[in-house]
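Participant: Below are the structure tokens for one structure; questions will follow.
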Amino acid sequence: MENLIALLVAAPLLGAVVLLCGGRRLDRVGHWLGTALAGASFVVAVVLFTDMLGRSADDRALHQKLFSWIPVEGFQADVAFQLDQLSMTFVLLITSVGTLIHIYSIGYMEHDERRRRFFGYLNLFVAAMLILVIADNYLLLYVGWEGVGLASYLLIGFWQHKPSAATAAKKAFLVNRVGDMGLSIAIMLMFTTFGTFAFGPVLEATGETSEGKLTAIGLMLLLAACGKSAQVPLQSWLGDAMEGPTPVSALIHAATMVTAGVYLIVRSGAIFNGAPDAQLVVVVVGAVTLLFGAIVGCAKDDIKKALAGSTMSQIGYMILAAGLGPIGYVFAIMHLVTHGFFKAGLFLGAGSVMHGMNDEVDMRRYGGLRKYMPVTFVTFGLGYLAIIGFPGLSGFFSKDKIIEAAFAKGGTEGWILGAVTLLGAAITAFYMTRVMLMTFFGEKRWQPDAEGHDPHPHESPKSMTIPMIVLAFGSVFAGGFFSIGDRFLHWLEPVTGHSHGDAPVSATTVTAATMVVLVIGVAVAWVMYGRKAVPAVAPRGSLLTRAARRDLLQDDFNHVVLVRGGEHLTRSLVYVDHSLVDGVVNGTAASMGGLSGRLRKLQNGYARTYAVSMFGGTAVLIAATLLMRAV
Amino acid sequence: MSFPLLTATAALPAIGAVATAAVPAARRTAAKWLALAFSLGTLVLAGIALARFEPGGSRYQLTESHAWIKDFGVRYELGVDGIGLALMALTALLIPFVILAGWHDADPLETNSSRWRPTQGFFALILMVEAMVVLSFVATDVFLFYILFEAMLIPMYFLIGGFGDRAHSGSDENAAAQRSYAAVKFLLYNLVGGLIMLAAVIGLYVVAGTFSLSEIAAARADGSLTMATSTERWLFLGFFFAFAVKAPLWPLHTWLPNAMGEATTPVAVLITAVVDKVGTFAMLRFCLQLFPEASKWATPVVLVLALISIIYGALLAVGQRDIKRLIAYASISHFGFIILGIFAMTSQGQSGATLYMVNHGISTAALMLVAGFLITRRGSRLIADYGGVQKVAPVLAGTFLIGGLATLSLPGLAPFVSEFLVLVGAFAAYPAVGIIATTGIVLAAIYVLVLYQRTMTGPVKAEVQGMADLKVRELVVVVPLIALLIFLGVYPKPLTEIVNPAVQHTMSDVQKKDPQPEVEAAK
């Protein structure tokens, strides 16, 4: 059975190679081929999953070693896979949502002449993401890690002729590289500490080293997670990444890739468990991002950017949960899965709306769309109810568990974290209700596009609506299904471990509090956007609103400090290299060897004469040595 | 006596050079094919050497030894270890691509000129460089190596000064002046380095009484040859200076951007991918092996210079407006990594450095040659003159991107393997150095992606409109290089297998052991 693991990756990888190298003759079938291979990977995943269920909880991990990758003295890196419950969860999420989004893209990208290439990139992404989650060591994980970064780069910049898309793609890659530096250093630290970077040996030996080492490794892993999962301070790329086609936003920048940071931290649980200081930083990053993303989400009029803020915020929840240690690991992953369903569904819904509205993204130009796009409205609406945590839907179960776990951290910290997660839940209810109202309710505020075409909103084709319906099912039922009899907990516990913590308040109280803040959030949004007509032009807004529209000034900061500063630095270095380094070295040589006169001659045009005389010298030298032999 | 395979591998391109130069003026195309045939023949011989080499065997294999200048004990002595073999194979591999890429770069501008034979000269010089570089990788006699180290400057000088890049801004006269400035600068820097090395070579002979690498190493090992600390350090400095100029190491690097910018693209590849490797190779072979104590003494300074090269080179690459100069500065950054790996003196660092030399050769060749195809089409080296190329020439843009991704060491491509080994090797010995060097991976992403964005994406510039995509000849150049980058990124074992034993020998030369991991050491 373990021999099937490589097949998971092989199928989409084959698709990527064939589609990207195949040329125009594959244009007509490319999208079908890409979808079929993503689907094949899903089928393999299901087979492996069924097999895994048939074995006892402690005996579920499968291993497959393909070959020795970098054999160097004292350094062993293998291309080897490990499929345990945690990896399996991701594999199922990636291949199922991945396949659905392939299907959706068939319709969404129908009129794009480069559709074949789009599917090639999507397949490349799926393959890299699978490598990331089934690698059995950190270095191979790194391959997947940067592989998804590459796919993300290619897909954000898919419409490269738009300078904004090309810039956004570059930005995403660069910010992620800063995070990758963290992953590099973490792996190096593991190597010098444990002599290996394979999951098994490293995670078993964490007890044998100092807390300081574990803290250092943990913080470096967190830096990596911040890059990939768009957490403060490396969050700035995610909003811009919405330049990519919407299926990309759904798959990569909502459901799967951006959650890789959560995977990394949960996978490295043993390291973080031994490093409370690092865990504290993880929790703080999660809490800050949770609020940061939520605030940004409130101020955006671009539907995709509002959802992107929401994604940041929801991943903040997961990171926070992961930072809680064994209290939160399982719930971080559970929220990750349910979020994967409803956020992917919401993005596909947004794409469907844009599809019907001449690619308009400004929600101030939507309004009243529920009558024109009933399927989109219902599926998006279910996703909306799920994300705000409406009782009985997926988000209700998974988010509630995180809020409980935050309180269960205990002490003052527990109260602070609990309060933050509750506040986040209120803001989530507010901004999502705002999106819902501005898009589907109220008066029509439609405007003709740049070429003067009036929008004729219509329901999207079946290839698009069916994936939305499937994801809506997940949004509704997944959370409940996972929670009945603590199924998800029992499934993951053998890998991640679990502890109940020390809850100062009962679960019922937490749920009640969550319901209260939910109602408040929805009510405030209704007062502001439901009861009153939405102005077609955004009002000036308070200072906070204006800052939030500019992503809380993150780019302004980066621009002034990093971009400007960097430009000045490189420009002055170019000057220094040309006049100083070159000059000093030439000058030293000149003063030592009396070359200055010759250099002046060189500038006077005697270069050739001079060079020839130098050759003469060398030639004589060589001739002399040859002659000596003869003598 | 067995067949002198190494001599044959070096002699074949030399014969090819003479044969190519002798082709009559009118038969230009025949000269090109002849040169290509000889370079392919050399590749076959290098392949045979690879096949005959036994990784677990003695340190130097395929050895040849003949008396040459008896009075001074100079011998014609050849032999390869895994490191020399890998680099010889790299050289033999790249030259056919260099020739193919430069197919039209030396066509005479006036077709009726009958006496001047630039095309024949161009390809003959390339083969001459190949012969000398191959021989320098297999020479185990210090004096023989020195002669080659110096002699290869001659064909290189003519290649840089005599065959400029036709894409230049400003007048032809101005371009010619810049070209000869670049060529003379190249020559002066390297000659000064060489002269200082000559002094050290003579000094070594005075101390050791022989030029033979194996004899000196054996004498040092059994204690029959001892050097005073100061003598060893002076000699080390003499050798190291010459190699640092060639490598090039900051602050001796300023000749490289001029030379690579002004030379034709294939010659730029020849400089950075092949000839410069002699410098870093020689650090491993001569500095570490002949002067282990002095090498360790100099390590702190060399590591700092390497770090400066990595970061300084990358920052300057970010600031360049000229595509070829950008790649030149990127190479300076990469040479910093190679030198860092060598002087970290760990198994991972040195294996990484050797792999880095090979991988950098292939990746720079891929990136630079595609850049050359681009520049030839538009007639400009300035980044600002491009925009939106991917729309009109997607294959060109795609291969350029892959070359760029290799340059920024994307996992899955060969340079990642070597760069990570260098970093981990440096980190194991000097954690702070490893961490500082890691910033290089962010800077590399900046210069590569900014270059790609400005040239390939965005609206199609008017001058780029109608640009043709890669032709068959160009694809034949690029596709195998890319395939190799992927293969060596996924399965570098064939390379590490031959390199590892050589690195272990070097490690025992310098009497260094790898730092033990904390947890295993505790057990």
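Just so you know, the protein sequences line up as chains A and B, in that order.
Using my numbering, you'd call the opening residue of the first sequence number 377 and step up by one each time.
Using my numbering, you'd call the opening residue of the second sequence number 42 and step up by one each time.
Note that the Cβ used here is the ideal one computed from N, Cα and C, for glycine as well.
#1: Which residue comes first and which comes last in the alpha helix (DSSP H) that contains Asp-454 of chain A?
#2: Within the continuous alpha helix (DSSP H) that includes Pro-447 of chain A, where are the two ends?
#3: Just to check my reading of the structure: Ile-641 of chain A and Ile-593 of chain A have Cβ atoms closer than 8 Å, yes? What is that Cβ distance to the nearest angstrom?
#4: For the 8 Å Cβ check, are there 3 or more pairs between the segment 510–529 of chain B and the segment 113–131 of chain B?
#5: Using DSSP with H/G/I as helix, E/B as strand and the rest coil, what is Glu-489 of chain A?
#6: Could you please give the first and the last residue of the uninterrupted beta strand (DSSP E) stretch that includes Leu-346 of chain B?
#7: DSSP three-state label for His-407 of chain A, please.
#8: Using DSSP bridges, identify the partner residues of Ser-106 of chain B.
#9: By the 10 Å Cβ neighbour count, where 16 or more other Cβ atoms means buried, how is Leu-200 of chain B classified, buried or exposed?
#10: Let me confirm a value: His-629 of chain A is counted as buried when at least 16 other C-beta atoms fall within 10 Å, else exposed. Which label applies?
#11: Starting from the C-beta of Thr-591 of chain A, find all residues in its chain whose C-beta is less than 6 Å away, skip the five residues before and the five after it, and write them out in chain order.
#12: Taking C-beta to C-beta, are Phe-567 of chain A and Phe-575 of chain A nearer than 7 Å?
#13: Suppose the cutoff is 8 Å on Cβ atoms and the five residues either side in sequence are ignored; what does the same chain contact list for Thr-714 of chain A look like?
#14: Between the beta-carbon of Gly-808 of chain A and the beta-carbon of Tyr-760 of chain A, is there less than 7 Å?
#15: Evaluate Met-377 of chain A with the Cβ neighbour count: other Cβ atoms within 10 Å of its Cβ, from every protein chain shown; 16 or more gives buried, anything less gives exposed.
#16: Is the beta carbon of Leu-464 of chain B closer than 7 Å to that of Thr-623 of chain B?
#17: Taking the beta carbon of Gln-552 of chain B as the centre, do at least 16 other beta carbons fall within 10 Å, making it buried, or is it exposed?
#18: Work out the CA separation of His-407 of chain A and Ala-392 of chain A for me, nearest whole Å.
#19: In the structure shown, what three-state DSSP assignment does Leu-423 of chain B receive?
#20: Is there a Cβ from chain A that is less than 7 Å from the Cβ of Asp-206 of chain B?
#21: Which same chain residues, not among the five before or five after Gly-667 of chain A, have their C-beta less than 8 Å away from its C-beta?
#22: Anyone know if the C-beta pair for Ala-130 of chain B and Ala-87 of chain B falls short of 7 Å?
#23: How is Asn-734 of chain A classed by DSSP in three states: helix, strand or coil?
#24: With H, G and I counted as helix, E and B as strand and the rest as coil, what does DSSP make of Asn-980 of chain A?
#25: Taking three-plus beta-carbon pairs below 8 Å as touching, is the segment 365–379 of chain B in contact with the segment 398–408 of chain B?
#26: Between the C-alpha atoms of Lys-564 of chain B and Val-554 of chain A, what's the straight-line distance to the nearest angstrom?
#27: In whole angstroms, what is the alpha-carbon distance linking Thr-498 of chain B and Cys-328 of chain B?
#28: Is there a Cβ from chain A that is less than 7 Å from the Cβ of Lys-432 of chain B?
#29: For chain A, is any of its Cβ atoms less than 7 Å away from the one on Thr-537 of chain B?
#30: Assuming Leu-793 of chain A and Val-659 of chain A are in contact, meaning their beta carbons sit under 8 Å apart, how far apart are those beta carbons, in whole angstroms?
#31: Is there a C-beta anywhere in chain B that falls below 7 Å from the one on Lys-546 of chain A?
#32: Asn-231 of chain B CB to nearest chain A CB: under 7 Å?
#33: Can you pull the chain A residues whose beta carbon is under 9 Å from the beta carbon of Glu-171 of chain B, in chain order?
#34: Less than 8 Å between the CB atoms is what I'm expecting for Lys-226 of chain B and Asn-299 of chain B, so what's the real figure, rounded?
#35: So, under 8 Å CB-CB, Val-910 of chain A and Gly-743 of chain A are touching, yes? Tell me the CB distance rounded to an integer number of Å.
#36: Do the segment 291–311 of chain B and the segment 348–366 of chain B touch if we need at least three Cβ pairs shorter than 8 Å?
Facilitator: This is what the structure gives:
#1: It is not in any alpha helix (DSSP H) - Asp-454 of chain A instead sits in the beta strand (DSSP E) that spans 451–459.
#2: No alpha helix (DSSP H) contains Pro-447 of chain A, which is instead part of the beta strand (DSSP E) from 438–448.
#3: Taking the Cβ atoms as the reference, Ile-641 of chain A lies roughly 12 Å from Ile-593 of chain A, outside the contact range of under 8 Å.
#4: no
#5: coil
#6: Careful: Leu-346 of chain B lies outside any beta strand (DSSP E), inside the alpha helix (DSSP H) at 333–359.
#7: helix
#8: B:Glu-118
#9: buried
#10: The residue is buried, with at least 16 neighbouring Cβ atoms inside 10 Å.
#11: Ala-651, Asp-653, Ala-654
#12: no
#13: Ala-762, Ser-770, Gly-771, Phe-773, Ser-774, Gly-850, Ser-851, Ala-854, Gly-855, Phe-858
#14: One point to set straight first is that residue 808 of chain A is Met, not Gly, in the sequence displayed. Their beta carbons are under 7 Å apart, which means Met-808 of chain A touches Tyr-760 of chain A by this criterion.
#15: exposed
#16: Summary: the structure shown does not reach residue 623 of chain B, with chain B confined to residues 42 through 564, and so no result is reported for it.
#17: Under this definition Gln-552 of chain B is an exposed residue.
#18: 11 Å
#19: Note: Leu-423 of chain B maps to strand in three-state DSSP.
#20: no
#21: Before going on, a small fix: residue 667 of chain A reads as Leu here, not Gly. Cβ neighbours of Leu-667 of chain A beyond the five flanking positions: Ser-689, Gly-692, Val-796, Leu-799, Gly-800, Ile-803.
#22: yes
#23: coil
#24: With a pLDDT of only 45 at Asn-980 of chain A, under 50, the local geometry of the prediction cannot be trusted, and the value read off the model is given with reservation. Helix at Asn-980 of chain A.
#25: Output reads yes: the segment 398–408 of chain B touches the segment 365–379 of chain B.
#26: Bear in mind that a pLDDT of 46 at Lys-564 of chain B, under 50, signals an unreliable position, so the model cannot answer this.
#27: 46 Å
#28: yes
#29: Judged by the 7 Å Cβ criterion, Thr-537 of chain B is in contact with chain A.
#30: 7 Å
#31: So, interface residue.
#32: no
#33: Per Cβ cutoff of 9 Å: no residues; Glu-171 of chain B is ~18 Å from chain A at best.
#34: 6 Å
#35: 7 Å
#36: yes
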